[in-house]
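**Student:** The sequence shown begins at 1 in the numbering used here and counts up by one. All C-beta atoms, glycine included, are put in the ideal place defined by N, C-alpha and C.
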Amino acid sequence: MKTGLETLILPAGDAAAGAAARTLAAGGLVAFPTETVYGLGADAANATAIAHLYAAKGRPAFNPLIAHVADIAAAQAIGRFDARALKLAQAFWPGPLTLVVPKTDGCPVADLATAGLDTVAIRIPAHPVAQAILRAFGGAVVAPSANISGHVSPTLAAHVESDLAGRIDLIVDGGPVTVGVESTIVGCFDAPILLRPGGLSRERIEAVLGAALARPPAEAESDDSQPLAPGMLASHYAPRANVRLNAREVAPGEALLAFGPSRLPGLDVAMAVMNLSPAGDLDEAAANLFGYLRTLDAKSPRAIAVMTIPEEELGEAINDRLRRAAVAR
């Protein structure tokens with residue numbers, strides 16, 4: 001891995017979008033905000049740049065990447081959309097939804113980015129900074145979360161700098177993101193499958209489809225299997241401290257990731273406490289999740305205890321990330 005790069009940090013704007021486009025065209029790596037988390041971008045057609053991206057993140061080369069494009073026409077140039085996939089794209093793009101569809105003949109996305117699969121994961125981000133960069137670049141940009149692989153995803157430019165300074169060329173600082181968890185991924189196969197819960201709820205997708213989303217087979221989420229989509233490794237989004245879910249009390253030396261107005265026994269002995277949403281608002285909790293995990297982890301607690309979060313709406317995505325963070329490693 002080539003380290004020791006001078007990582008330039010620019011405030012979002014026309015100059016930054018132009019610089020990002022030039023860097024991507026030259027095979028460089030650019031971190032930029034989307035509405036979900038900060039992404040680390042590389043030219044989707046440049047296998048060498050993608051290899052550098054994998055190396056910068058320490059990301060397993062069998063874990064596929066999402067191709068980000070500016071509009072549906074650009075999406076249809078790299079993926080084949082059946083009627084249901086097109087219906088979802090028209091309903092939710094731009095936005096926090098990734099669709100996995102068959103590649104087009106002659107799809108320009110490098111095989112390395114699709115991890116050898118016959119499908120490609122595509123998203124149109126809603127964030128104006130991401131949109132400006134994609135328009136300025138004029139092609140597809142693969143962009144996993146801009147962090148060391150397996151670490152907590154970044155919701156601020158400072159998080160990206162902490163993980164990747166010296167490893168990438170440019171960070172475009174667009175301030176904090178709004179959604180705070182990664183995109184929902186739907187596989188548009190014989191039956192649409194929810195491959196990863198995320199910033200768009202299952203309920204909204206099913207309302208548009210008029211049918212329930214299928215679930216992937218259990219073996220698809222094993223660390224030993226080929227992922228069907230990004231973010232499906234069992235141990236993922238992990239802080240350095242162990243994570244203890246559904247905590248009913250706080251032990252000495254633990255940090256607490258709280259949710260809602262309730263106070264747990266032992267709160268007074270917690271090393272640190274951060275509440276995802278004192279009001280119990282799941283949208284607020286999702287936006288705070290990764291930033292709060294990073295802050296608590298930086299205090300080197302014995303463990304991070306996490307209060308129970310409802311398994312509904314964005315709570316499904318939050319709990320998915322927390323379960324992956326808690327996998328023994």
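According to the neighbour-count rule (16 or more other Cβ atoms, all chains shown, within 10 Å of its Cβ), is Val152 buried or exposed?
**Tutor:** The residue you call residue 152 lines up with position 152 of the sequence shown. Looking at its Cβ environment, which holds 16 or more other Cβ atoms inside 10 Å, Val152 is buried.
**Student:** Taking a contact to mean a Cβ-Cβ separation below 8 Å, would you say Ala286 touches Val172 in this structure?
**Tutor:** Position 286 of the sequence shown, counting from 1, holds the residue named residue 286. Position 172 of the sequence shown, counting from 1, holds the residue named residue 172. Against a cut-off of 8 Å, the Cβ pair of Val172 and Ala286 comes out as no contact.
**Student:** By how many angstroms is the C-alpha of Val129 removed from the C-alpha of Ala15?
**Tutor:** In the sequence shown, residue 15 corresponds to position 15, counting from 1. In the sequence shown, residue 129 corresponds to position 129, counting from 1. Cα to Cα, the separation comes out at about 11 Å.
**Student:** Between the alpha carbons of Asn288 and Asp320, how many angstroms are there, rounded?
**Tutor:** Locating residue 288 in the sequence shown gives position 288, counting from the first residue. Locating residue 320 in the sequence shown gives position 320, counting from the first residue. Whole-angstrom Cα-Cα distance: 15 Å.
**Student:** Report buried or exposed for Pro265, applying the criterion of at least 16 other Cβ atoms within 10 angstroms of its Cβ.
**Tutor:** As a working mapping, residue 265 is identified with position 265 in the sequence shown. Exposed, because fewer than 16 other Cβ atoms sit within 10 Å of the Cβ of Pro265.
**Student:** Check whether the region 97–109 and the region 24–42 touch, using three or more Cβ-Cβ pairs below 8 Å as the test.
**Tutor:** Flag = no, the region 97–109 and the region 24–42 do not touch.
**Student:** Who pairs with Asp118 in a beta bridge, going by DSSP?
**Tutor:** By one-based count along the sequence shown, residue 118 stands at place 118. The partner list for Asp118 (beta bridge, DSSP) is empty, contrary to what the question assumes.
**Student:** Are the CB atoms of Pro239 and Leu293 nearer to each other than 8 Å?
**Tutor:** Translated into positions along the sequence shown, residue 239 becomes position 239. Translated into positions along the sequence shown, residue 293 becomes position 293. Their beta carbons are under 8 Å apart, which means Pro239 touches Leu293 by this criterion.
**Student:** With 16 other CB atoms within 10 Å as the buried threshold, where does Asp163 fall?
**Tutor:** Taking the sequence shown and counting its residues from 1, one reaches residue 163 at position 163. Buried, since its Cβ has 16 or more Cβ neighbours within 10 Å.
**Student:** Output needed for Leu213: all residues of its chain with C-beta closer than 8 Å, excluding positions within five of it in sequence on either side, in chain order.
**Tutor:** In the sequence shown, counting from the first residue as 1, residue 213 sits at position 213. If we look at Leu213 and ignore the five residues flanking it on each side, its Cβ neighbours are Val186, Pro192, Ile193, Leu194, Arg202, Ile205, Glu206.
**Student:** Tell me, to the nearest whole angstrom, how far the beta carbon of Val273 is from that of Leu256; I am working on the premise that it is less than 8 Å.
**Tutor:** Walking along the sequence shown from the start, residue 273 turns up at place 273. Walking along the sequence shown from the start, residue 256 turns up at place 256. Their Cβ separation, rounded to whole angstroms, is 5 Å, which keeps Val273 and Leu256 in contact under 8 Å.
**Student:** If you draw a straight line from the alpha carbon of Asp82 to that of Ser262, how long is it in whole angstroms?
**Tutor:** Within the sequence shown, numbered from 1, the residue matching residue 82 stands at position 82. Within the sequence shown, numbered from 1, the residue matching residue 262 stands at position 262. Distance between the alpha carbons of Asp82 and Ser262: 47 Å.
**Student:** Using a Cβ distance threshold of 8 Å, determine whether the region 91–98 contacts the region 133–144, with at least three qualifying pairs required.
**Tutor:** Taking 8 Å as the limit for Cβ pairs, the verdict is that the region 133–144 does not touch the region 91–98.
**Student:** How far does the alpha helix (DSSP H) with Ala21 in it extend, from its first residue to its last?
**Tutor:** As a first step, residue 21 must be located in the sequence shown, where it is residue number 21. First-last of the alpha helix (DSSP H) with Ala21: 14–25.
**Student:** Helix, strand or coil for His151 per DSSP?
**Tutor:** For the purposes of this step, residue 151 is taken as the residue at position 151 of the sequence shown. His151 falls in the coil class under three-state DSSP.
**Student:** Please confirm whether Ile9 and Glu161 have their CB atoms less than 8 Å apart.
**Tutor:** As a first step, residue 9 is located in the sequence shown; it is residue number 9 there, counting from the start. As a first step, residue 161 is located in the sequence shown; it is residue number 161 there, counting from the start. A contact, by the Cβ cut-off of 8 Å.
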